[in-house]
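Comments concern the structure below.
2 protein chains.
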Amino acid sequence: MANVPDTIQTWQMVQPTAKDKETGELIPGKLEKKEIPVPELAPGDVLVEVAGCGVCHTDLGFFYDGVPNVNKPPLTLGHEISGTVVAGDEKWVGKEVIIPAVMPCRKCLLCKTGRGNRCLNQKMPGNSLGIYGGFSSHIPVPSIDLCEIKDRQGIPLSHFAVVADAATTPYQAAKRAALGNGDNVVVIGVGGVGQYMVQEAKALGASVVVAIDIDEERLNKMLSYGADFVINSSGKVPKDIFEELRSIRKQNQLPNYSWKMFEVSGTKVGQEIALNLLSFTGKLLIVGFGLQKLEYSISRLMAFDAEIIGTWACLPEYYPQILEMVLSRKVEIEPFVQTRPMSEIAEAFEEAHKVSPDKRIVLLPDF
Amino acid sequence: MANVPDTIQTWQMVQPTAKDKETGELIPGKLEKKEIPVPELAPGDVLVEVAGCGVCHTDLGFFYDGVPNVNKPPLTLGHEISGTVVAGDEKWVGKEVIIPAVMPCRKCLLCKTGRGNRCLNQKMPGNSLGIYGGFSSHIPVPSIDLCEIKDRQGIPLSHFAVVADAATTPYQAAKRAALGNGDNVVVIGVGGVGQYMVQEAKALGASVVVAIDIDEERLNKMLSYGADFVINSSGKVPKDIFEELRSIRKQNQLPNYSWKMFEVSGTKVGQEIALNLLSFTGKLLIVGFGLQKLEYSISRLMAFDAEIIGTWACLPEYYPQILEMVLSRKVEIEPFVQTRPMSEIAEAFEEAHKVSPDKRIVLLPDF
Numbered sequence: 001m002a003n004v005p006d007t008i009q010t011w012q013m014v015q016p017t018a019k020d021k022e023t024g025e026l027i028p029g030k031l032e033k034k035e036i037p038v039p040e041l042a043p044g045d046v047l048v049e050v051a052g053c054g055v056c057h058t059d060l061g062f063f064y065d066g067v068p069n070v071n072k073p074p075l076t077l078g079h080e081i082s083g084t085v086v087a088g089d090e091k092w093v094g095k096e097v098i099i100p101a102v103m104p105c106r107k108c109l110l111c112k113t114g115r116g117n118r119c120l121n122q123k124m125p126g127n128s129l130g131i132y133g134g135f136s137s138h139i140p141v142p143s144i145d146l147c148e149i150k151d152r153q154g155i156p157l158s159h160f161a162v163v164a165d166a167a168t169t170p171y172q173a174a175k176r177a178a179l180g181n182g183d184n185v186v187v188i189g190v191g192g193v194g195q196y197m198v199q200e201a202k203a204l205g206a207s208v209v210v211a212i213d214i215d216e217e218r219l220n221k222m223l224s225y226g227a228d229f230v231i232n233s234s235g236k237v238p239k240d241i242f243e244e245l246r247s248i249r250k251q252n253q254l255p256n257y258s259w260k261m262f263e264v265s266g267t268k269v270g271q272e273i274a275l276n277l278l279s280f281t282g283k284l285l286i287v288g289f290g291l292q293k294l295e296y297s298i299s300r301l302m303a304f305d306a307e308i309i310g311t312w313a314c315l316p317e318y319y320p321q322i323l324e325m326v327l328s329r330k331v332e333i334e335p336f337v338q339t340r341p342m343s344e345i346a347e348a349f350e351e352a353h354k355v356s357p358d359k360r361i362v363l364l365p366d367f
Numbered sequence: 001m002a003n004v005p006d007t008i009q010t011w012q013m014v015q016p017t018a019k020d021k022e023t024g025e026l027i028p029g030k031l032e033k034k035e036i037p038v039p040e041l042a043p044g045d046v047l048v049e050v051a052g053c054g055v056c057h058t059d060l061g062f063f064y065d066g067v068p069n070v071n072k073p074p075l076t077l078g079h080e081i082s083g084t085v086v087a088g089d090e091k092w093v094g095k096e097v098i099i100p101a102v103m104p105c106r107k108c109l110l111c112k113t114g115r116g117n118r119c120l121n122q123k124m125p126g127n128s129l130g131i132y133g134g135f136s137s138h139i140p141v142p143s144i145d146l147c148e149i150k151d152r153q154g155i156p157l158s159h160f161a162v163v164a165d166a167a168t169t170p171y172q173a174a175k176r177a178a179l180g181n182g183d184n185v186v187v188i189g190v191g192g193v194g195q196y197m198v199q200e201a202k203a204l205g206a207s208v209v210v211a212i213d214i215d216e217e218r219l220n221k222m223l224s225y226g227a228d229f230v231i232n233s234s235g236k237v238p239k240d241i242f243e244e245l246r247s248i249r250k251q252n253q254l255p256n257y258s259w260k261m262f263e264v265s266g267t268k269v270g271q272e273i274a275l276n277l278l279s280f281t282g283k284l285l286i287v288g289f290g291l292q293k294l295e296y297s298i299s300r301l302m303a304f305d306a307e308i309i310g311t312w313a314c315l316p317e318y319y320p321q322i323l324e325m326v327l328s329r330k331v332e333i334e335p336f337v338q339t340r341p342m343s344e345i346a347e348a349f350e351e352a353h354k355v356s357p358d359k360r361i362v363l364l365p366d367f
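Residue numbers (my numbering), protein chains in the order written: chain A, 1 to 367; chain B, 1 to 367.
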């Protein structure tokens, strides 16, 4: 076995951004390069040499916005991980893998009844896997739910990091929506996750996909990756968007019922647009997260026979299906990924926190 | 054929409650006894002699609260109807029937895909069936979705009126929630509809049913009809209810996830309680209607992997299943029905509008 290290090199979040309780002053978060021991691997665990780890909105929530980690800092963030198994369970060693962002316990009732993605004992790197996260040279993880990449068709291994979360979360959302052939779909927010939502909706057979965003360039790009129509919502109120969608409907003889809508932006405006568009027998999937509250008359759901479905992470058993879509180029990842050396993690966080990047930043270990 | 009349006797809503546009003064709604011609029956239509028609919250919404009817007044309200077919399609004449509150067109895509309850061309007596409603001696209706009562086991025919809506709407809600054996259930509001929600949840196999209401007497009664625990929410805030349910959970080793909750009250407080109780992999069914808005962070649904499902009316194809539950006494209707002469319709409306009655008022034609 090659490359079994004595220690793990890692970028630890020593301290998330905090507020001084007395002065109210913002105390900047701290990332520090650390060297930690390789833990003894439990039966069934493996050690993965990280090829790449994506910078997700969720990491930024932990680092900047006070979203609490399940395991208290110091810990290493990062849950979008691809890499190679270098130690542990013999039958895994040498294999290239995607590590699911959420790893169910596989023992509880939720796991046994198909709801493992929301298992309450789940392990998530960079959150609830002790101190371990993906912004590291190596990470110890359970092997049971690893997704093997048998032939990566010339795509760099690091790029598959985005399959761990950005490209799998939309798939779970599509499954929850029972998305299938002939469906009419709206995707609100085509950033890091929404880009895959659009592509996968189309790949799963959607008849029409309408992408909504505030960024004209992103929207135009999506026209080449699954979107049939785009609506730029910048500077508009929800009613305007409703009218634009209505006009798309009219011009294309599309029904005013049973639309499946995916709110991926996690913003207040995005959610307001979504609620405004929700109508008869419609489904609204909440894929993005934000702390804001909204005003809504939930009785409208009764009159519409409509649903709002929150969707968390993705079942590991779906990963091979998404991987197949990527390898068969039904879902493209290369146009939506950029890589940086992991030593630039602090700058990458800053950049992604300012404006959600057009292409997901995947950090490559350079310890 | 006996009793085929020349005219229909009816209590028409000549005018719903309105506001004088200039003075803002309330103009009371008007119900008037009228005599209207029996229309020519189209092929497939029948004339039903009304045995009883229930006074539903929805009628009161039309009459008092400015909820608009699909067909403009004057029209007769009333959509909870049982009776006997007296004319039209030969194979129906003489049969005792329940008329579904909502009758799908059976021609559109929604109808063909199992969503007929929300068919956009549906006919509802007292709303979208022209001028015809249940507070009448007779009513012409399509026969395709009538539910035949073959042997009513000594229960008065008039009582089956409540099956047309009050007892069927909860069944549709239970189906939408995929309610089944071993489920843990909360029902908020045990009035005219909620009483059946509790009974049917239990009949469908719920392990635990917790009933929440502000009326101690009603709650106590429900302990004999399916409720395992009751919580009186009178004068309490949602957090108090959360704590009471938590204590019920702890004492009975019940999980904190996957609860199925039915909000039947349609009130702001009821909906706030429901949203507050909604947690991991939970489902909240919106069965009651109210015009109010609420503040809520819908991103919680994402974190919880939870759903809010609005549910409208009931598919006619489920009616025989509910009828079976009633006839086999899994669901009792007699303890939850009171009858009055239809000539007291105005007083009955007033009374039900003041306080939702403990027992559904079913009006019996006495023209």
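All C-beta atoms, glycine included, are put in the ideal place defined by N, C-alpha and C.
Please read these numbers as outputs of a predicted model, since none were measured by experiment.
- Closer than 8 Å to the CB of L254(B) there is not a single CB belonging to chain A.
- Runs of the alpha helix (DSSP H) spanning 4 or more residues and lying entirely within the segment 48-110 of chain B occur at 57-64, in chain order.
- About 6 Å separates the beta carbons of V337(B) and V162(B), which is inside the 8 Å limit, making them a contact pair.
- When beta bridges are read from the DSSP output, S279(B) appears opposite no residue.
- Note: C147(B) is bridge-paired with I98(B) in the DSSP secondary-structure output.
- By the neighbour-count criterion, in which 16 or more other beta carbons inside 10 Å mark a residue as buried, D65(B) falls on the exposed side.
- For F242(B), no beta strand (DSSP E) run applies; the uninterrupted alpha helix (DSSP H) run containing it begins and ends at 238-251, by DSSP.
- Per DSSP, the continuous beta strand (DSSP E) segment holding T339(B) begins and ends at 337-341.
- Taken in chain order, the unbroken stretches of beta strand (DSSP E) that lie wholly in the segment 141-222 of chain B and span 3 residues or more are 184-188, 208-213.
- In the same chain as N127(A), and ignoring 5 residues on each side of it, the C-beta atoms closer than 6 Å to its own belong to N69, V70, in chain order.
- Of the candidates N252(A), P255(A), L277(A), Y257(A), L277(A) places its Cα closest to the Cα of E263(A).
- Chain-order list of chain A residues neighbouring G310(B): I298, S299, R300, L301, M302, A303, F304, D305, A306, E307, I308, by C-beta distance under 9 Å.
- Straight-line spacing of the CA atoms in T113(B) and L294(B) works out to 32 Å.
- Put simply, the segment 166-186 of chain B touches the segment 195-211 of chain B. At least three CB pairs are less than 8 Å apart.
- Under the Cβ distance rule, V185(B) does not count among the residues neighbouring chain A, no pair being separated by less than 8 Å.
- When the beta-carbon positions are compared, P100(B) and C111(B) stay at least 8 Å from each other.
- The DSSP-derived three-state label of L323(B) is helix.
- D145(B) is not a Cβ neighbour of G88(B), given a cutoff of 8 Å.
- With a threshold of 8 Å between beta carbons, R115(A) makes contact with chain B.
- Residues are counted here when their Cβ sits less than 9 Å from a Cβ of chain B; for the segment 99-125 of chain A these are L109, L110, T113, R115, N117, R118, L120, given in chain order.
- In chain order, F229 place their CB closer than 6 Å to the CB of I248(A), counting only its own chain and leaving out the 5 sequence neighbours on each side.
- Under the three-state reduction of DSSP, R300(B) is assigned to helix.
- Within the same chain, Cβ atoms closer than 8 Å to the Cβ of F289(A) are found at H57, T58, G61, G266, the five residues on either side in sequence being excluded.
- Residue burial is scored here from C-beta neighbours: K260(A) has at least 16 other C-beta atoms within 10 angstroms and is therefore classed as buried.
- Bridge pairing for R360(B): V337(B) [DSSP].
- N252(B) and N220(B) have their alpha carbons spaced roughly 20 Å apart.
- A distance below 8 Å between beta-carbons, with the five flanking residues on each side excluded, links I241(A) to the following residues of its chain, in chain order: I212, I231, S233, I273, N276, L277.
- Boundaries of the alpha helix (DSSP H) around K354(B): 345-354.
- Excluding residues up to 5 positions away in sequence, K260, K283, L285 lie with their Cβ nearer than 6 Å to the Cβ of A177(A) in the same chain.
- Y132(A) is outside the set of residues whose beta carbon lies under 8 Å from a beta carbon in chain B.
- Among the CB atoms of chain A, one or more fall inside 8 Å of the CB of L291(B).
- For W92(A) against S143(A), the beta-carbon gap comes to about 5 Å, under 8 Å, which counts as contact.
- M13(A): member of the beta strand (DSSP E) spanning 7-15, first to last residue.
- K250(B) places its beta carbon 8 Å or farther from that of G226(B).
- Of the residues assessed, R329(B) falls on the exposed side of the cut-off, its CB having fewer than 16 other CB atoms within 10 angstroms.
- Put simply, of I139(A), K95(A), L77(A), G310(A) the residue whose alpha carbon is nearest the alpha carbon of L31(A) is L77(A).
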